[in-house]
Amino acid sequence: MNGDELSELIQQRWTTLRELLEISRRQMGAIGSGQMSELMRVLSDKQRPLNELVEIAEQLRRASDDDPDSWECADREFG
Numbered sequence: 021m022n023g024d025e026l027s028e029l030i031q032q033r034w035t036t037l038r039e040l041l042e043i044s045r046r047q048m049g050a051i052g053s054g055q056m057s058e059l060m061r062v063l064s065d066k067q068r069p070l071n072e073l074v075e076i077a078e079q080l081r082r083a084s085d086d087d088p089d090s091w092e093c094a095d096r097e098f099g
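Per my numbering, the sequence shown starts with residue 21, numbered consecutively.
Rendered as structure tokens:
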């Protein structure tokens with residue numbers, strides 16, 4: 021995995037976490053107002069980003085096994 025791919029994974033993780041935060045806010049609203057059918061819909065909506073987060077974590081774990089020198093980015097310089 022190169023640095024650009026790693027950067028993209030981290031961006032995907034951030035986007036997914038923001039989506040989960042928004043869904044969690046909806047979940048809390050449904051709980052607070054006692055809307056059980058809405059709560060069930062929200063929990064269903066939450067499953068997809070949770071699955072994505074698991075997959076992203078697995079890809080990041082595999083990347084951590086790579087040689088960090090392979091993480092060079094094509095368009096950016098570090099250091």
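A virtual CB, placed ideally from N, CA and C, is assigned to each residue, including glycine.
Leu26 is classed as buried because its beta carbon has at least 16 other beta carbons within 10 Å across all chains shown.
Gly54: not part of any alpha helix (DSSP H); DSSP gives it neither H nor E. Within the stretch 44 to 80, no beta strand (DSSP E) run of at least 3 residues lies entirely inside it. Here the C-alpha atom of Asp86 lies approximately 15 Å from the C-alpha atom of Ala77. In this structure, the alpha-carbon of Ser64 lies about 27 Å from that of Arg81.
Look at Asp87 here: in three-state DSSP terms it is coil, with no helix or strand label. Using a 10 angstroms sphere on the CB of Val62, the tally of other CB atoms reaches 16 or more, which defines it as buried.
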